[in-house]
Structures are given as C-alpha cells and as structure tokens.
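The block underneath contains the structure these notes are about, expressed in structure tokens.
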Amino acid sequence: MTEPEHAPRGSVLEIDTRIDTAPYAAVVADAAGIVQALNRAARTLLPAVRVGETLTATAPAWLAASHANLAHAAGPGPVDQGWVERRSLEGHPVRHDDGTVTWWLVDDTDARLAREALRSEQARTAFLTEVSTALLGSLNLQRCMEITVGLATEHLGDAAMVIAPAAHGGRYPTVSGVRGGEVAHDVLDVDVEEVPGLPEALQGFPPVPSRWLDPMSLPDWLRPTGFGEVGSIVVTPLPGHGVPAGALILVRGAGAAEFSEDEEVVARLFATRAGVAMSAARLYDQQASITETLMRDLLPPTVHRLSGVEFAARYRPSQDGERIGGDFYDVHPASRDDEESLVVLGDVCGKGLDAAVLTGKIRSTLHALLPLAGDHLRMLKLLNGALLNTHDARFATLVLASVARAGGGVRLRLTCGGHPAPLVVRADGRVEEAPTRGTLIGAMPEVRATTAELTLGPGETCLMYTDGITEAKGGPFGDELFGERRLHRALGECAGMPAEAVVERVQMLASQWLGRGAHDDMAVLAITAPRGQHLTAVGGHGRGRYTA
Amino acid sequence: MTAGERLTCTWAVVGRRTGRLTIVGDLDHDQADEINRVLAEGLAAHHGLRAVHLDCAEVAFCDSYGLAALLMAHRHIRAVGARLHLDNLQPGLSRLLELTHTLEFLTAEAAPSRAEKFDT
Chain V
7 MTEPEHAPRG SVLEIDTRID TAPYAAVVAD AAGIVQALNR AARTLLPAVR VGETLTATAP
67 AWLAASHANL AHAAGPGPVD QGWVERRSLE GHPVRHDDGT VTWWLVDDTD ARLAREALRS
127 EQARTAFLTE VSTALLGSLN LQRCMEITVG LATEHLGDAA MVIAPAAHGG RYPTVSGVRG
187 GEVAHDVLDV DVEEVPGLPE ALQGFPPVPS RWLDPMSLPD WLRPTGFGEV GSIVVTPLPG
247 HGVPAGALIL VRGAGAAEFS EDEEVVARLF ATRAGVAMSA ARLYDQQASI TETLMRDLLP
307 PTVHRLSGVE FAARYRPSQD GERIGGDFYD VHPASRDDEE SLVVLGDVCG KGLDAAVLTG
367 KIRSTLHALL PLAGDHLRML KLLNGALLNT HDARFATLVL ASVARAGGGV RLRLTCGGHP
427 APLVVRADGR VEEAPTRGTL IGAMPEVRAT TAELTLGPGE TCLMYTDGIT EAKGGPFGDE
487 LFGERRLHRA LGECAGMPAE AVVERVQMLA SQWLGRGAHD DMAVLAITAP RGQHLTAVGG
547 HGRGRYTA
Chain B
13 MTAGERLTCT WAVVGRRTGR LTIVGDLDHD QADEINRVLA EGLAAHHGLR AVHLDCAEVA
73 FCDSYGLAAL LMAHRHIRAV GARLHLDNLQ PGLSRLLELT HTLEFLTAEA APSRAEKFDT
C-alpha cells in the first residue's frame, strides 16, 4: 500500500487507485480531525463523511473520539471497534509521518455475532447446568420449588412465583420470592381463571406456550409484596413427567427490559428442568407415602400366648429401602380353645412395592381362606391360583402351621410351600426338621405338598424362619452364610427355653454373624408348648428332665 | 446385602438346535436378572432352538430372587418352544430346587397345552 506522500500538508489528498479499490474502507484524517481522503469503500460505508469536513461532524462518534485520542497517544494506536448501522467495524489506525492517520475500517460483524452467540450460549449452558445441579440435589418438593424461585429471581426475573397444581381442597401451594429476598411459602385459595393462560399451564395439557400478561390486569395475589410497578410478566408452564408440575410466573419491574427472545428460550429450558425435578419430587413423595401406608399395614402383628400355647416372633427388616415387604407372618387365633389357630410365615420374592403388594395379597387371601385351614394343601392350591399371573415370576414361599393344645402338649400340622421346613427343638436338645415339603406358591400351575403332623411336649419348640436367617452373610471373614448347621446347633442350646427366649437367641446370633453387613429381611417365629406343671403332660417326649 | 460373587453369563449355540448359557457367580437379588437379559438376546438371535442348557457348575449360591430368575428363564425358553436343561447342579442350588419342587417343573418335557396356558 502506498501512501500519497507528495501531497502538501493540510490539503486534500489524491488517493492511489490501489487504495481506492481496496476491499476495506479507508479514511485519512489529519491531526485536527479533518478528513483528507476517502477510498471508494469508505464513501459507500460512510456517505456523510466528506473530504474537508471534520470527523466529529460527519463520522460515527466512536471513530471521531478514537481519532482525537490518538493525538495524545504514542505508538501505532489502539484498534477500536464500533457500529455503523448494523455492521460492526474494527478501526485500525495507521499513523503517517506527516501527522495524518489512515483509519482502515474492517467489517467484523459476522465474527462478532458468532463470538457473542458463543458467549451467550456458554452463559446459558452454565446457567442450565447450575439449574440442573441445584434441582437434582433434592427430592423434596418444597425444596425444589424454593430452588426454582431462587434461581428464577437470580437469573430471569425480578420476582418469581411457582404455583403447584391444586391440592388440599382446591387450594394452590405456592412459593414466591423477590430477587435478593427470602422465598415465602403459601397456600392460596384463589381463582386461577383470573390469570389468562394459568389454568391451562396448571393443567399441563394441552401444552401452552409462555404467555405475556398485561401488568395492569394482574390480580393482587400475583403482585409480589414489596415490589414496585410491574413492567412485564410471563406465565410459563412447568412440564413434568406426564403430570403437570405447575406454572412459573416471572415478573420484571417497570424499569427493567422486557424479555428478549433469547431469554424466553432460556426461561423455557429452565422451566422444563424445574418441572421435571418437581414432578420427580412429587412422584417420590407419593411413592414414599404409598410405601408408608402399605408398610403400616404390613407390620407384623404382636404375637403372644394364645389358647395355652406360647408364640413369639421377631422381625428384622432389611435396611435396604427397596426390600420392603419381603418377609411376613400372621397368627390367626382360634375362636375356641379346642380349635386350631393358624400361623403363617412366609417370604415374598422380589423388591419394593411389588413385593409389598404381593405380601398384602397373600395375607388377605389366606385370611379369607381361614375356614379351609383344615386342609392345608387345598388352601395352598387356592392361594396359588389367586397369585398366578403371567407377567412375572414373582412367588412366595411359606409355611402353614395349625396349632392346637392337646393335653399338656401342642399338636401341630405343618405344611411347607417351597419354604425351609420348620425346626423342632425337643426337650433333650435334639433338633429335627419337620418332614414337610411343598411347591412354592404363585409361579407354577400345580402345587404339591405334604403335611407333617407332630406333637410338642412341654418346653418343646417349633421354629419357623425365613432364609434371611440362614443366608445371613458374615462370620469371621464376612463372606460365609450363617447356614442351617449353625442354626441347628444354636437351637440345640435352646432346649426348654420359652418361645420369647428362643426367637431372641436366634435373632441375636444371626445379627452377630452379620456384624455390620447388609442383610435381607429376617423373620423367626416360635411356637412353644408351655412347660407343664403335671408330669403327665410330658407325654412321652424327651426324658422329662426339666421336671426334676 | 453383601455383594455376592460377580455374575457373568455367556451364551453360545453349541448345536444346530441347542443353546447353552454358562452361568458363573451368585444368583442373588442384585444380579440374577442378568441371566434373562443375556438369554433374551440369545433367544432372539437364534430361532428354532429345541433345547437350552443352563450350565450351573459355577453357581455357588442362589436365593429366592435367583430362583425367580430361573423361573422367568423357563418361561422365555418355553415361549420359543424349547426345553430347559439344568446341567451340573451344585448341592446348594439342587437343594433349593428340591425344597421348592421346582426342579421337575423347570426341566419337564414340554407339555404344550399346559405350557401355553401358563405362558400366555
């Protein structure tokens, strides 16, 4: 590039054709800011600028100011940037020996827009990441609503309100807040129809876009307390997992800018995340309360002495929340002393609510089948029929025990449905497995089972247990099962003990074996013939040494 | 529960109409579903199988959830018209299957009418 060096100072310069046809605009001005020359591109770009006029009068203010500053600065001069119409220009000053300066104006609009888009995209991503992190940290609905309002007032509006779908008899739980202030919880008894778009947003279907409201028509309950004049207000639905999570209302003050298109997009993305988090929290709440309700019903009954027979039971649920409702037991007392009571102990295979529901079903079905308890096999077959289903292979194993007082002892009829056979502790410390076997219940079309009949002498115990006991994993190396042999040995030491003491001891040994290890549900139930006062009550079992 | 021996299942077609699922590890409530995941893939990839062998030589432990998984495997295998064989049963699993009367059921020759009634 050749500068027109020969032209006299202060006069209009001739411009070299090579500069004149350059693709970038060039403006030459002297130290006083008087334009000396323009190339073709500059004439098009800045039609107001004329040779002989001042930059101050004709050029964009930023260029004139930069030029003026240049006079005081040393060196080549800083690159400047400014706008002409909608184009962004970078001004590169080139000083010349004669005190004039050529401003090369380079159009960087596209690069600048791309950079700005990138920057705002990064900011948006950062914001949404923050949102997700904050919201996912909580499964508590109230907390999710607070976080949503907090983030909304910090990043999107001057005030915000989250209004949840109606609960508690048509009233709306809300959380609202103003930037920098505390969030407030409330339950509003209001007519949402007063706010256009709000009923639809709360219904969640059909999906509605964000809706602008006239600040003048705002009902008082929407007006944030301690907030000046409302400038703009927008209602955005919070979409949940198929269930509406509520609506987000964003408010900006009268002085603040209205929502830009970009901001609305961000607000929508924000609402989506908040809605998902809130509906997850709500579902979790619901599930937790359902679980609690079911659990309450599933809690094993207190077992004690009935019709002259001792009963005792212990239940230690797994700490794993998923495993609720695995083991169960029930004692159905006889209506008369000479009739049989029915004891059921079982284990439902599966996890969580499914298992809890199946347990409930088994317990109520067996309750209804009580009149048939005289025939265990028939009872099991009917129960099996009621439980058979096609979509999974859930099943239960259980033991039925019909118990009646017989003289000084206790007569038992025991039937296993796929369950470990009950163990009988004789008075002399022998431990016998009740000779009963049967098909597990609920998975196969046919059920077979054999019923064992036996008699307990005074002080003798029949122990029913679930595999949580024998499969308790622990011991010195932490990986060994408690096992049947250990259970037999432990029971051998329980000869002559009352039912309470037997279940306590078994439960304690299994728990010690576990140490701190996690475990399955563990249930034990003991049926004990009380130690009689009459020698005749010994009834031929054992040597009767406890009467000595 | 304490995590059991890690379960790995390997599927192979060993004859024109025979599949084999080799099960190594514990069939417990944390992992037993794996056998049906691998089995379903295998059955979907090979049509016309007549027999599926579950090789249980390396199954040291099976709890009730593991048993449910075996019952489910039985359904899947019956549904494609094949018969389930349990090979190399170890004493623990063998005892569980006897206790629950499931061994005979799981490995019975296909009785179409009953099986269909049950599988649909």
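Protein sequences appear in the order of chains V and B. With the first sequence counted from 1, adding 6 to any position gets you our numbering. With the second sequence counted from 1, adding 12 to any position gets you our numbering. We put the beta carbon where it would ideally sit given N, CA and C, even for glycine.
Straight-line gap, residue i to residue j (C-alpha atoms, nearest Å)
i	j	result
Ala67 of chain V	Val34 of chain V	16 Å
Phe276 of chain V	Pro245 of chain V	11 Å
Ala74 of chain V	Gly83 of chain V	11 Å
His65 of chain V	Gly88 of chain V	The sequence given here has Ala at residue 65 of chain V, not His. About 11 Å.
Gly143 of chain V	Glu91 of chain V	47 Å
Glu20 of chain V	Ala129 of chain V	49 Å
Thr231 of chain V	Gly183 of chain V	9 Å
Ala427 of chain V	Leu61 of chain B	38 Å
Glu46 of chain B	Ala294 of chain V	28 Å
Val241 of chain V	Gly186 of chain V	21 Å
Val509 of chain V	Leu19 of chain B	34 Å
Met503 of chain V	Arg32 of chain B	52 Å
Met222 of chain V	Ile255 of chain V	15 Å
Leu145 of chain V	Pro250 of chain V	17 Å
Leu312 of chain V	Leu383 of chain V	25 Å
Pro29 of chain V	Ala54 of chain V	19 Å
Burial state of residue i, where buried means 16 or more other Cβ atoms lie within 10 Å
i	result
Thr50 of chain V	exposed
Arg258 of chain V	buried
His41 of chain B	buried
Asp75 of chain B	buried
Ile475 of chain V	buried
Gly234 of chain V	exposed
Pro171 of chain V	buried
Ala89 of chain B	Per the sequence presented here, residue 89 of chain B reads as Ile, with Ala not at that position. By the 10 Å Cβ count, Ile89 of chain B comes out buried.
Glu439 of chain V	exposed
Pro179 of chain V	buried
Met528 of chain V	buried
Thr154 of chain V	buried
His161 of chain V	buried
Thr132 of chain B	Interpretation of Thr132 of chain B is limited by its pLDDT of 38, a score under 50 that renders its predicted location unreliable; the figure taken from the coordinates is listed afterwards. Result: exposed.
Asp353 of chain V	buried
Thr365 of chain V	buried
Ile35 of chain B	buried
Asn390 of chain V	buried
Glu267 of chain V	exposed
Thr159 of chain V	buried
Glu466 of chain V	buried
Residues that DSSP places opposite residue i in a beta bridge
i	result
Val107 of chain V	V:Ala35, V:Arg101
Met151 of chain V	DSSP lists no partner for Met151 of chain V.
Tyr471 of chain V	V:Val530
Phe334 of chain V	V:Gly352
Val509 of chain V	Paired residues: none, contrary to the question.
Met167 of chain V	V:Ser182, V:Ile255
Gly27 of chain B	B:Thr30
Thr457 of chain V	V:Thr421
Gln87 of chain V	V:Glu96
Leu39 of chain B	B:Cys74
Ser238 of chain V	V:Arg258
Thr60 of chain V	V:Ile40
Val416 of chain V	V:Arg411, V:Leu462
His182 of chain B	Residue numbering for chain B in the displayed model covers 13 to 132; residue 182 of chain B lies beyond these limits and cannot be assessed.
Arg322 of chain V	V:Met528
Residues that residue i contacts on chain V, provided the C-beta gap is smaller than 7 Å
i	result
Asp45 of chain B	What Asp45 of chain B touches in chain V: nothing, since even the nearest Cβ is about 11 Å away.
Partner residues on chain B for residue i, Cβ-Cβ distance less than 7 Å
i	result
Arg400 of chain V	Ala80
Glu264 of chain V	Here the premise fails: no neighbours, minimum Cβ distance about 54 Å.
Under 9 Å from the C-beta of residue i: neighbouring residues of chain B
i	result
Arg522 of chain V	Simply none; closest approach about 10 Å.
Interface residues of chain V facing residue i [CB-CB closer than 8 Å]
i	result
Leu39 of chain B	Result: empty, since nearest Cβ-Cβ is about 12 Å, beyond 8 Å.
Leu83 of chain B	Ala399, Phe401, Ala449, Met450
Residues that residue i contacts on chain V, provided the C-beta gap is smaller than 9 Å
i	result
Ala75 of chain B	The sequence shown places Asp at residue 75 of chain B, not Ala. Cys355, Asp473, Glu477, Asp526, listed in chain order.
Any C-beta of chain C under 8 Å from that of residue i
i	result
Ala63 of chain V	Judged by its chain identifiers, the structure shown contains no chain C, and its protein chains are V and B.
Note down, in chain order, all residues in the segment 439-450 of chain V with a beta-carbon under 9 Å from any beta-carbon belonging to chain B. Within the segment 439-450 of chain V, the qualifying residues are Arg443, Gly444, Thr445, Leu446, Ala449, Met450.
Anything in the segment 349-367 of chain V with a Cβ closer than 8 Å to a Cβ of chain B? List those residues in chain order, please. Of all residues in the segment 349-367 of chain V, those with a C-beta nearer than 8 Å to a C-beta of chain B are Asp353, Cys355, Gly356, Lys357, reading in chain order.
Name, going along the chain, the residues of the segment 415-429 of chain V whose beta-carbon falls closer than 9 Å to a beta-carbon of chain B. Residues of the segment 415-429 of chain V with a C-beta atom less than 9 Å from some C-beta of chain B are Cys422, Gly423, Gly424, His425, Pro426, Ala427, listed in chain order.
Tell me which residues of the segment 87-117 of chain B have at least one Cβ-Cβ distance to chain V shorter than 7 Å, keeping chain order. Here the close residues are Arg87, Leu111, Thr112, His113, Thr114, Phe117.
Which of the residues in the segment 450-469 of chain V, read from start to end, lie with their CB under 9 Å from any CB of chain B? Listed by position, the residues of the segment 450-469 of chain V near chain B (Cβ gap below 9 Å) are Met450, Pro451, Glu452, Val453, Arg454, Ala455.
Beta carbons nearer than 9 Å to chain B: which residues of the segment 476-489 of chain V have them? Result list: Glu477, Lys479, Gly480, Gly484, Asp485, Leu487.
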